[in-house]
Every structure is written in structure tokens, then in C-alpha cells.
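**Q** Heads up, the sequence shown is in the UniProt record's numbering, so the first residue is 1 and it goes up one at a time. Glycine included, every Cβ here is placed at the ideal spot set by N, Cα and C.
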Amino acid sequence: MSLEVVTLAIVALQTVAVVLLALQVHHLKRALAVKHAARGSVPELLVVNALNRIDHRLDVLEEQQTRTDRAPAPRRSVEIPAAQMTTLRSPSNQTSASPYELAQHLAREGSDVDQLMARCGLSRHEAELVLRLYAKRA
């Protein structure tokens, strides 16, 4: 019976030692976490997760940007007075002139940027370009 008692005592001591080691590990982890918090550092896992979310959001934004870049620009509908249409029609081709043809014609006649924008539906940059290319030089 003494052998059994000694064995039980050894097992009990080993169990107590394991419990004390587990408590000590828990205490050290807690002390390390408090030390990191006191320095103001952020755990690495939180930083990595935040960076992954930012990277994913950037990918989504880049994809949206490329989709809008690839989409064709909406065409502007331009109403051209009938009197001007007759002057722009060629005898061989009785189709209506494009806004750019009208803009070229108006630029040759001396129209300014605002008139080209209003009558042809061009942007300011387009109207300036047409004037540079087709306006009569003094």
C-alpha cells in the first residue's frame, strides 16, 4: 500500500506542477499584453487584417474605375437648324452633317468658343480645338 500512496503523491505533485506552470504562462501572456498596450502598439494580427481590408477596397475601387473608363462616353444629341443643314449638305451626300462638321463650318465663319459649345454641343476643350484647327487666321 505504501507504493500506491507514493505513486498517488507523485501524480498529485505533478498535477499541481502542471497547473502552476499553466497559471504562470497565463500570467506571463497577460503581462506581455499589458506591456504592449502601455507602449501603444497594436497587435500584428489587427494590422494585417486592416491592411487586407484596405487592399481589398482599393481593388474594388480600381475595378470600378476601369469599368467607367471602358464605358463609352454618352453621345450628345445636337439640334441643328434646318437652314444650316442645307448649307452643310453636299450634293452627292444628302445626309445630315455631324456636330463636328457644323463646328468646322462655324469656325471657318468666325464663330467663337461659346457659340460652338451652344450650337454644336461640344465641350469647351473640343470647341477650342476645332477653332485652333479650322478658324481663319488673320
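(1) Tell me the DSSP secondary structure of Glu109 in three-state form.
(2) Measuring straight from C-alpha to C-alpha, what distance separates Ser111 and Leu58?
(3) Helix, strand or coil for Ser2 per DSSP?
(4) Using the Cβ count rule (16 or more neighbours within 10 Å means buried), how would you classify Gln24?
(5) Using beta carbons (cut-off 8 Å, strictly below), is Ala12 in contact with chain D?
(6) Does the beta-carbon of Ala103 have 16 or more other beta-carbons within 10 angstroms, so that it is buried, or is it exposed?
(7) Ala135 and residue 160 - do their beta-carbons sit closer together than 8 Å?
(8) Distance check for Arg67 and Leu116, CA to CA, integer angstroms please.
(9) Applying the criterion that 16 or more other CB atoms from any shown protein chain within 10 Å of the CB defines a buried residue, is Arg132 buried or exposed?
(10) What did DSSP end up calling Ala97 once you bin it into helix, strand or coil?
**A** To lay it out plainly:
(1) Numbered from its first residue, the sequence shown carries residue 109 at position 109. DSSP places Glu109 in coil when its eight states are reduced to three.
(2) Counting from one through the sequence shown, the residue named residue 111 turns up at place 111. Counting from one through the sequence shown, the residue named residue 58 turns up at place 58. Annotation: Ser111 to Leu58 spans about 46 Å, alpha carbon to alpha carbon.
(3) One-based indexing of the sequence shown puts residue 2 at position 2. The three-state secondary structure of Ser2, taken from DSSP, is helix.
(4) For the purposes of this step, residue 24 is taken as the residue at position 24 of the sequence shown. It counts as exposed.
(5) Absence of chain D from the displayed structure is noted, only one protein chain being present.
(6) As a working mapping, residue 103 is identified with position 103 in the sequence shown. Buried, because 16 or more other Cβ atoms sit within 10 Å of the Cβ of Ala103.
(7) Within the shown structure, residues of the chain are numbered from 1 to 138, placing residue 160 beyond reach of any answer.
(8) In the sequence shown, the residue the question calls residue 116 occupies position 116. In the sequence shown, the residue the question calls residue 67 occupies position 67. Each residue's Cα considered, the two are about 31 Å apart.
(9) One-based indexing of the sequence shown puts residue 132 at position 132. Around the C-beta of Arg132, fewer than 16 other C-beta atoms lie within 10 Å, and the residue is accordingly described as exposed.
(10) Translated into positions along the sequence shown, residue 97 becomes position 97. Per DSSP, reduced to three states, the secondary structure at Ala97 is coil, with no helix or strand assignment.
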